[in-house]
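Peer 1:
2 protein chains.
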Amino acid sequence: MHLPKPGGFDAAFEHVCGDWLAEQPLPVIACGMVGSAQGWREAPYCPTPARAADLSAHLRTLDTASGHRLHIVPGVIEHGALPNVMRGEETQVLGLLRGLAEEHRNGHLLVGLPGSHSKWVRVENGCITHFDTFMTGELYAIASAHSILGRTQQRDAPFQAAAFERGVRTALSDTGALGPLSTAFSARTLGLTGVLDGAEQADYLSGLWIGHEVQALRQSTVALPEVLLIGNEALCERYTRALGLAGFPHPTTATQATERGLWAVAEAAGLVASASKEFIHA
Amino acid sequence: MHLPKPGGFDAAFEHVCGDWLAEQPLPVIACGMVGSAQGWREAPYCPTPARAADLSAHLRTLDTASGHRLHIVPGVIEHGALPNVMRGEETQVLGLLRGLAEEHRNGHLLVGLPGSHSKWVRVENGCITHFDTFMTGELYAIASAHSILGRTQQRDAPFQAAAFERGVRTALSDTGALGPLSTAFSARTLGLTGVLDGAEQADYLSGLWIGHEVQALRQSTVALPEVLLIGNEALCERYTRALGLAGFPHPTTATQATERGLWAVAEAAGLVASASKEFIHA
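Chains as they are written, first to last, in my numbering: chain U, 1 to 282; chain S, 283 to 564.
Set out below in structure tokens:
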């Protein structure tokens, strides 16, 4: 996400929302990097465990140049030896919960948000209790763009399912035990030995590293939980394949998670009435 | 390593060796990327297990424009699900063996060659039986140069030993179990939470990923073997620290491994007489 330059937030806001708000005054709420230290106004992280009520109690507000009050949802931090932070994903997770039937919402869930920095969020009875980050997406992108692995990749090829699954299976097998810093080199040597052509090498590496991510999740849990995914459709499809090969139950992919999540926080904060749920679809 | 453009090999050779060879004709031998598909002449890989005699029996030759015969040492390949290749390191390993006392040379050794793509070579009774590659060095360099982790790193700082060791310990501990794709994000969050300053973040990440490499080696072996290192002094010092924290015996660092290795292969090939060992120091 590219943020506007300092001072440019008001103009961007006016461009996106000005017409709507001129027609009818509405409560305004936003989440994500708008609340980071480099955003419009910093909204300090809420610690885990975090529910919608915790986030709504810590909304950060600012008054825009056009006279509207903007509410910014804080991100979430988990303290510990390896601290973890997220901004925006917490709101998507709450939105996903809102879209679930009661019996699912009150169970134990693992919510995956694939992306440059994928988040894996544990939810227990509607509360975010723990999450991990994997830099798989960003590291894959820079390895393809800047490392020796990219030199022989043909990256405009259509999705190579067999190569992707070969990568996943390698990461999940004993062969993958040395981890992603080591197995990555096989994307090159399987090319050198004529096993993978240029069109297959990128998706093999993608499968390999997503496979290591899924393997780490599998090893960190006693029983494989119900998994829900939020994100880009093509990326969720890759993770769905990898999770399936690792033995996870078939994941459900959520839609409209951000909108539903913002609504959930706005409702918990009293910015909108609970009865007007359908308003978001107006 | 930047190879000369096609046709430029002769000029480069003449520049480096012309004066010596004009003074006195000598056998000429080389190893490394000069024998790759993009090198002067491709020297096909020898498969493991590989001894000096196997390499010397497969020297590739070419006649230079100046009328000298160049012998190129082949690289080594290990076939399997994750093929591995090396060029140059096999010669360094043979050189290291040559420098060892008899009782060490005939044991089981683990030889580490840290670099962009570090190699870990198993040697049994003077024979290269197995090796692994870790792309730790190159992936660290591109993560620092191109990922979000680099944005807050201050890379001109002197070596930050405590931050490096913090990274190693994290990778070796239960906290590191999710692997390098996940723990890498802590280089950012420990900055965000004020635990590591910009000068510490680069060496923390270096320690973290070298730690994951050493942890993978530790987990892949039943008994920790005697370790010998070949390479850049500062990098070997980092690996020595990490190996020590992982419980490996203090490694020995080898010198003149390339020269001794080329000599060993030349001798095995009959290019030089066995009696003239001291010639290399002339």
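Ideal Cβ positions, reconstructed from N, Cα and C, are used throughout, including at glycine.
Give the range of the beta strand (DSSP E) segment to which Ala536/S is assigned.
Peer 2: Looking at the DSSP string, the run of the beta strand (DSSP E) that includes Ala536/S is Thr534 to Ala536.
Peer 1: Is Ala81/U close to chain S? Criterion is C-beta to C-beta, closer than 8 Å.
Peer 2: Chain S, which has a Cβ nearer than 8 Å to the Cβ of Ala81/U, makes this yes.
Peer 1: If you check the beta carbons only, do Glu89/U and His130/U fall under 8 Å apart?
Peer 2: Not a contact, by the Cβ cut-off of 8 Å.
Peer 1: Run down chain U in chain order and give the residues with a C-beta less than 8 Å from the C-beta of Gln501/S.
Peer 2: What Gln501/S touches in chain U: Ala177.
Peer 1: Of the choices Leu235/U, Glu233/U, Pro83/U and Val227/U, whose alpha-carbon is the least far from that of Gly107/U?
Peer 2: That would be Val227/U, whose Cα lies nearest to the Cα of Gly107/U.
Peer 1: So what does DSSP say about Asp63/U, is it helix, strand or coil?
Peer 2: The answer is strand: DSSP assigns Asp63/U an E or B state.
Peer 1: Please give me, in chain order, every unbroken run of the beta strand (DSSP E) with length at least 3 that falls completely inside the segment 182-206 of chain U.
Peer 2: Counting only runs of 3 or more, we get nothing.
Peer 1: So Pro44/U packs on Leu235/U, CB below 8 Å; how close in whole Å?
Peer 2: So it is not a contact: roughly 30 Å between Cβ atoms.
Peer 1: Whose C-beta lies closer than 6 Å to the C-beta of His212/U among residues of the same chain, with five residues either side of it excluded?
Peer 2: Ala171 and Pro180.
Peer 1: Residues of chain S with CB closer than 8 Å to the CB of Asp132/U, please, in chain order.
Peer 2: Leu460 and Ser464, listed in chain order.
Peer 1: Check Phe530/S in the structure and name its three-state DSSP category.
Peer 2: Coil, per DSSP.
Peer 1: Ordered along the chain, which non-local residues of its own chain (more than five positions away) have a Cβ less than 6 Å from that of Val265/U?
Peer 2: Only Ala52, Leu55, Ser56 and Val73 meet the Cβ criterion.
Peer 1: Using only CA atoms, which one of Leu379/S, Gln497/S and Leu364/S lies nearest to Gly408/S?
Peer 2: Checked all of Leu379/S, Gln497/S and Leu364/S; the closest Cα to Gly408/S is Leu379/S.
Peer 1: For the alpha helix (DSSP H) containing Val405/S, list its first residue and its last residue.
Peer 2: Where Val405/S is concerned, there is no enclosing alpha helix (DSSP H), although the beta strand (DSSP E) it sits in stretches over Ser400 to Glu406.
Peer 1: Looking at the secondary structure, which residues open and close the beta strand (DSSP E) in which Ala444/S lies?
Peer 2: Run containing Ala444/S: none in the beta strand (DSSP E); it sits in the alpha helix (DSSP H), Ala443 to Leu454.
Peer 1: Verify the CB distance criterion: does Ser186/U have a CB-CB separation below 8 Å to chain S?
Peer 2: By this cut-off, Ser186/U is an interface position.
Peer 1: Can you tell me the Cβ-Cβ gap for Gly489/S and Phe446/S, rounded? I've got them flagged as a contact below 8 Å.
Peer 2: Going by Cβ atoms, the distance from Gly489/S to Phe446/S rounds to 4 Å, so yes, they are a contact pair.
Peer 1: Taking DSSP as the reference, what is the three-state secondary structure of Leu392/S?
Peer 2: Three-state result, Leu392/S: strand.
Peer 1: Whose C-beta lies closer than 7 Å to the C-beta of Leu499/S among residues of the same chain, with five residues either side of it excluded?
Peer 2: Excluding residues within five positions, the ones whose Cβ falls inside 7 Å are Trp402.
Peer 1: Give the secondary structure of Arg323/S by DSSP, where H, G and I count as helix, E and B as strand, and everything else as coil.
Peer 2: Coil at Arg323/S, not helix or strand.
Peer 1: My understanding is that Ala319/S touches Val358/S, with C-beta atoms under 8 Å, so please give their C-beta distance in whole angstroms.
Peer 2: Going by Cβ atoms, the distance from Ala319/S to Val358/S rounds to 15 Å, so no, they are not a contact pair.
Peer 1: Can you give the Cα-Cα distance for His71/U and Ala30/U, rounded to whole angstroms?
Peer 2: Distance between the alpha carbons of His71/U and Ala30/U: 6 Å.
Peer 1: Alpha carbon to alpha carbon, what distance is there between Leu243/U and Ala223/U?
Peer 2: Cα to Cα, Ala223/U sits roughly 14 Å from Leu243/U.
Peer 1: Quick one, which of Ala65/U, Pro158/U, Leu100/U and His58/U has its alpha-carbon nearest Pro229/U's?
Peer 2: As written in the sequence, residue 229/U is Leu, which differs from the Pro given in the question. Of Ala65/U, Pro158/U, Leu100/U and His58/U, the residue nearest in Cα terms is Leu100/U.
Peer 1: Any Cβ of chain U within less than 8 Å of the Cβ of Met368/S?
Peer 2: False, the Cβ-Cβ gap to chain U never drops below 8 Å.
Peer 1: So, at 7 Å on beta carbons, what are the nonlocal neighbours of Leu376/S in its own chain, with the 5 sequence-adjacent residues on each side left out?
Peer 2: Same-chain partners within the cutoff: Ala334, Gly543, Ala546 and Val547.
Peer 1: Go ahead and pull the three-state DSSP assignment for Val355/S.
Peer 2: Reduced to three states, the DSSP call for Val355/S is coil.
Peer 1: Mapping DSSP to helix, strand and coil, what is Thr100/U?
Peer 2: The residue asked about is misnamed: residue 100/U is Leu in this sequence, not Thr. Leu100/U falls in the coil class under three-state DSSP.
Peer 1: Please state if the CB of Val450/S and the CB of Ile492/S are separated by a distance shorter than 8 Å.
Peer 2: Cβ distance < 8 Å, so Ile492/S and Val450/S count as in contact.
Peer 1: Against Ile72/U, what residues of chain S qualify as contacts under a CB-to-CB distance less than 7 Å, listed in chain order?
Peer 2: The premise fails here: Ile72/U is roughly 18 Å from chain S at the closest Cβ pair, so nothing lies under 7 Å.
Peer 1: Can Ser464/S and Asp132/U be called in contact, C-beta distance under 8 Å?
Peer 2: Yes. Within cutoff.
Peer 1: Report yes if the CB atom of Arg369/S is closer than 8 Å to the CB atom of Met417/S, and no otherwise.
Peer 2: In this structure, Met417/S does not lie closer than 8 Å to Arg369/S by Cβ.
Peer 1: So that I know if they touch, is there some Cβ in chain U lying closer than 8 Å to that of Met417/S?
Peer 2: Answer yes: the Cβ-Cβ gap between Met417/S and chain U drops below 8 Å somewhere.
Peer 1: What residues match up with Leu312/U in a beta bridge as DSSP calls it?
Peer 2: Only positions 1 to 282 of chain U appear in the structure, and residue 312/U is not among them; the question remains open.
Peer 1: Suppose you measure from the CA of Gln435/S to the CA of Ala443/S; what does that come to, to the nearest Å?
Peer 2: Rounded to the nearest angstrom, the two C-alpha atoms are 15 Å apart.
Peer 1: Reducing DSSP to helix, strand and coil, say where Asp336/S ends up.
Peer 2: Three-state result, Asp336/S: helix.
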